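Down below is the structure, laid out as structure tokens.
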Amino acid sequence: MSRNVNNWHWVDKNCINWAKTYFETELSGVSAEANGSSVKTLAVTSVTGDVDVNQRKGKIITIFDVAITMTFEGTTADGTAVTGKIEIPEVAHDTDEDDYVFDVSVDADSTAKQPVRDLIRKSLAPLLRKKQSDLAADKIKGK
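Per this note's numbering, the very first residue in the sequence shown carries number 4; after that it's consecutive.
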């Protein structure tokens with residue numbers, strides 16, 4: 004009978020619950036301001052998909068492919084309040100962070116709210132991309 008000494012053979016662990024908590028913590032409250040407009044993420048409302056940590060021959064490998072939905076609020080330079088949601092349909096271990104897609108939907112959309120939508124795409128999205136790309140390293144560090 005063989006034994007898996009020091010996890011030499013393939014070992015995997017489902018970490019989706021950890022990932023949900025991680026994204027709720029890391030992606031909530033992220034904010035950006037420019038040209039008098041501001042935006043802030045409120046809450047992560049959905050994280051679906053797979054997050055696994057694997058070990059093979061002593062090497063740790065993080066594999067993930069998730070979809071994330073979050074809510075936001077913002078204000079335009081003229082004081083118009085804006086709320087809505089941001090959907091990121093694929094955050095994956097094999098996808099470059101510049102390839103992440105951010106689908107922004109604004110409640111009661113109008114042209115007056117466009118500056119907040121632009122702010123999300125130009126300033127908030129890069130901040131969210133960075134936090135998402137840290138997932139694998141933070142999981143291995145045990146954050």
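Cβ atoms here follow ideal geometry from the backbone N, Cα and C, with glycine treated the same way.
Keep in mind the model is a prediction, meaning the values are calculated, not measured.
In the DSSP assignment, D97 falls outside any beta strand (DSSP E) and carries neither an H nor an E. For the 7 angstroms CB-CB criterion, V14 and Q58 form a contact. For N20, the uninterrupted alpha helix (DSSP H) run begins and ends at I19 to L30, by DSSP.
The C-alpha of P92 lies about 6 angstroms from the C-alpha of I71.
For the pair of segments examined, the region 29 to 49 was found to touch the region 70 to 84: the number of CB pairs separated by less than 8 angstroms reaches three.
Rounded to whole angstroms, the separation of the alpha carbons of K60 and E27 is 32 angstroms.
Across the structure, A37 and E100 are spaced so that their CA atoms are roughly 23 angstroms apart.
Of the residues T48, V104 and A115, the one whose Cα lies closest to the Cα of T83 is A115. For the options S40, D102 and T24, the alpha carbon positioned closest to that of L122 is the one of S40.
7 angstroms or more divides the Cβ of K23 from the Cβ of V56. Residues of the same chain with a CB within less than 7 angstroms of the CB of L130, apart from the 5 flanking positions on each side, are V33 and A35 in chain order. The beta carbon of V109 is closer than 8 angstroms to those of V85, T86, G87, K116, V119 and R120 in its chain, skipping five residues each way along the sequence.
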